[in-house]
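Have a look at the structure below, then the notes.
Residue numbers (my numbering): 12 to 161.
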């Protein structure tokens, strides 16, 4: 059990953490995407234009979706772990990794012929599923029943 008033403090701190992450991550993402794109262009200047296009697409997919999904996913998982609800995030992460990052990647990349772009879309699907499960657990409030024994 959490102590009286502790759950409200955790909820307030979790909201603050989520807002800070959601506000700061787009700026970091734009900075890193510009740096990655500049590095990619300088390294691949002698290569075909198709490779530059693919690299640009992958950077846009990753950073575009990361701005929206990543803060919620990592913040919710961190909050659950900090509240000693460790088993649920671990099981969801492993299950989602196997199903989406491996299985869905193979389906999209090899089965549907999407290649590297399919692998990145599978990674985004993994983020969406994890975020959904963690938000469901957080707003359901079951994490409030965990406590440290000692």
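Cβ atoms here follow ideal geometry from the backbone N, Cα and C, with glycine treated the same way.
Everything numeric in this text was worked out from a predicted model, so none of it was measured.
Scanning its chain for C-beta atoms nearer than 6 Å, with the 5 sequence neighbours on each side dropped, one finds around residue 107 the residues 137, 140 and 141, in chain order. Around the C-beta of residue 86, 16 or more other C-beta atoms lie within 10 Å, and the residue is accordingly described as buried. If you ignore the 5 residues before and after residue 72, its C-beta comes within less than 8 Å of the C-beta of 128, 131, 132 and 135, all in its own chain and listed in chain order. Non-local beta-carbon contacts of residue 29 in its own chain, meaning distances under 6 Å to residues more than five positions away in sequence, involve 86 in chain order. For residue 139, the secondary structure class from DSSP, reduced to helix, strand or coil, is helix. Cα atoms of residue 121 and residue 96: separation of roughly 37 Å, rounded to the nearest angstrom. Residue 22 has its alpha-carbon roughly 17 Å from the corresponding atom of residue 144. By the Cβ-count criterion, residue 81 is buried, with 16 or more other Cβ atoms from all chains shown falling within 10 Å of its own Cβ. Distance from the CA of residue 112 to the CA of residue 31, rounded to the nearest whole angstrom, comes to 28 Å.
Taking the C-beta atoms as reference points, residue 157 is found nearer than 7 Å to residue 94. Taking C-beta atoms under 8 Å as the contact rule, residue 103 and residue 25 fail to qualify, at a distance of about 17 Å. The alpha carbon of residue 147 has as its nearest neighbour, out of 19, 67 and 88, the alpha carbon of 88. Secondary structure at residue 94: coil, using DSSP grouped into helix, strand and coil.
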